[in-house]
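Per this note's numbering, the very first residue in the sequence shown carries number 537; after that it's consecutive. Even for Gly, the Cβ is constructed at its ideal location relative to N, Cα and C. Here's the structure we're looking at; comments come further down.
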Amino acid sequence: MMFLRGLCPHCGRAKIFHSFWGMNEQCPQCAIRFAREEGFFAMSIFLGYLLMALPIGLVALLAYLLNAPTVWHYFAAVSTAVVLSAPWVFRYARIWWLYIDEWLDPRR
Ligand SMILES: [Zn+2]
């Protein structure tokens, strides 16, 4: 599962991120540039919206099943889920976009 491990979509041998927030500009193994052009990762923002539906949906469902007494309890639970999952969503939205881009337009 190269995608889940955050490995390069082209060679699958090196990590896309060198730290939790820090992303390599190019692959340390095969030297492809991850951002092909200016604004390359703008599409990952849209994917981030889709990915964020997962923690929001799960926490809202959990709050519903646990009979959250007021709408503010829902709001607090969902807000906490958004804040806690935001770093993971940021990472995986970018990784997801890199894989989609490589699939649509493979590099030689
Ligand atoms: Zn690579």
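Worksheet item: What residue ranges within the segment 545-611 form continuous beta strand (DSSP E) runs of no fewer than 3 residues, ordered along the chain?
Response: Listed in chain order, nothing qualifies, since the segment 545-611 has no complete beta strand (DSSP E) run of 3 or more residues.
Discussion item. On the CB-based measure, 16 or more other CB atoms within 10 Å of its CB, does C566 come out buried or exposed?
Written reply: exposed
Discussion item. Taking the straight line between their C-alpha atoms, what separation do you get for F611 and V595?
Written reply: 10 Å
Worksheet item: For ligand 1, any of its heavy atoms closer than 6 Å to the Cβ of A550?
Response: yes
Practice prompt. Go to M538, then tell me how far its alpha helix (DSSP H) extends in each direction, as first and last residue.
Written response: Here the alpha helix (DSSP H) through M538 covers 538-541.
Worksheet item: So, is W608 buried or exposed, given that buried needs 16 or more other C-beta atoms within 10 angstroms?
Response: exposed
Worksheet item: Could you give the C-beta distance for A629 and L587, rounded to a whole number, given that I count them as a contact under 8 Å?
Response: 6 Å
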